[in-house]
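Colleague: There's a structure below that I have some questions on.
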Amino acid sequence: MKILYFWDAYCGWCYGFDKIFTKFYENHSNVEIEIISGGLFFGDNSKKIKEYGYFQEGNKKISEMYNVEFGEKYNKVLEEGEMVLNSVHPAIAMDIVKELIPNSQTLHFAYDIQCKFFIEGKSLSDVQTYVELCEKYGLDSYDLALKLTIAFKNSNLIHPDFIKTLNYGIESYPTAVVEKDGEYYDLRGYATEPEDIETHYDLITKRF
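Under the working numbering, the sequence shown is numbered contiguously, ending at residue 255.
Laid out in structure tokens, this is it:
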């Protein structure tokens, strides 16, 4: 049994959900989790943030549902509108870091890089954004910076996770699924609190 989590680092709804999902997972860190990057912004849809035009209104709804904050520096990034969003880079970063930290820490790392963007207003295409998390996760900053720099430079326009997401038929994020005995069960549902996810998890693991 394992959890499949389809998300995107630049997805505001994922940022809101991750606040409660990480709390749920703290009690289930023995369960393997696979974080799969969905790919909201790549190719022709990778552009300056001002060209999207829907973030402010969406963020209000996310704040109301999940009680999360969007930082002043992030809001300034929205106002300036010049930052280019590219989902390929955080997808690459997650791939690299997955190999360097325990599986039980990967969800927390995913949430931390989202906080770097949604609170601190930092680009997830900037290697330094990830380096700033090295001390927390016991990573060698020089080694990570080198790996990310090379990987970002040689990256393709599409990441394998994006194709994997399509093959699973996932059309929206966040999507959390429990894979058990070859069957797949929705874990997220309409959860707005960690307890809601816990209820779904208990139902899946005890009844199926």
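Even for Gly, the Cβ is constructed at its ideal location relative to N, Cα and C.
Note that this is a predicted model, so its numbers are computed, not measured.
Is it a yes or a no for the stretch 143-151 touching the stretch 122-134, going by three-plus beta-carbon pairs under 8 Å?
Modeller: Touching, no.
Colleague: Classify T239 as helix, strand or coil using the three-state DSSP reduction.
Modeller: Correct three-state label for T239: coil.
Colleague: Do I83 and F64 have their CB atoms nearer than 7 Å?
Modeller: No; because the gap between Cβ atoms is not below 7 Å, this pair is not in contact.
Colleague: So, helix, strand or coil for L51, using DSSP?
Modeller: Residue state, collapsed to three classes: strand.
Colleague: Note the first and the last residue of the continuous alpha helix (DSSP H) segment covering Y121.
Modeller: Taken as a continuous stretch (DSSP letters only), the alpha helix (DSSP H) holding Y121 covers E119 to E127.
Colleague: Given 8 Å as the limit, is there contact between the stretch 154-169 and the stretch 178-185, that is, 3 or more CB pairs closer than that?
Modeller: Short answer: they touch.
Colleague: Residue range of the alpha helix (DSSP H) that V144 falls in?
Modeller: That run of the alpha helix (DSSP H) goes V135 to K145.
Colleague: Can you list, in chain order, the stretches of the alpha helix (DSSP H) that have 4 or more residues and sit fully within the stretch 134-212?
Modeller: The qualifying runs are 135-145, 153-165, 174-178, 181-184 and 188-200.
Colleague: So which of I80, I67 and W60 has the shortest CA-CA distance to V224?
Modeller: If we check each option's Cα against that of V224, I80 comes out closest.
Colleague: Name the residue from F156, N122 and F164 whose alpha carbon lies nearest to the alpha carbon of Y184.
Modeller: Residue F156 is the option with its Cα nearest to Y184.
Colleague: Output needed for G86: all residues of its chain with C-beta closer than 6 Å, excluding positions within five of it in sequence on either side, in chain order.
Modeller: Cβ neighbours of G86 beyond the five flanking positions: S134 and F209.
Colleague: Taking 8 Å as the limit between beta carbons, can you name the residues of its chain near S202, skipping five residues before and five after?
Modeller: For S202, where only same-chain residues beyond five positions count, the Cβ hits under 8 Å are V135, H136 and I139.
Colleague: What separation, rounded to the nearest whole angstrom, lies between the Cα atoms of G100 and E218?
Modeller: Cα to Cα, G100 sits roughly 21 Å from E218.
Colleague: Mapping the DSSP letters down to three states, classify E81 as helix, strand or coil.
Modeller: Correct three-state label for E81: strand.
Colleague: In three-state terms, what does DSSP make of K94?
Modeller: Coil.
Colleague: Using the rule of at least 16 other Cβ atoms within 10 Å of the residue's Cβ for burial, across every protein chain shown, is D55 buried or exposed?
Modeller: With 16 or more Cβ atoms within 10 Å of its Cβ, D55 is classed as buried.
Colleague: What whole-angstrom Cβ distance do K70 and E226 have, given they're in contact under 8 Å?
Modeller: Their Cβ separation, rounded to whole angstroms, is 22 Å, which puts K70 and E226 out of contact at 8 Å.
Colleague: Check this for me: beta carbons of F88 and Y57, under 7 Å apart or not?
Modeller: Going by C-beta atoms, F88 is nearer than 7 Å to Y57.
Colleague: Should A138 be counted as a contact of the ligand NAP given a C-beta to heavy atom distance under 6 Å?
Modeller: The model depicted lacks the ligand NAP and carries no ligand whatsoever.
Colleague: Alpha carbon to alpha carbon, how far is F102 from G236? Give it in angstroms, no decimals.
Modeller: About 23 Å.
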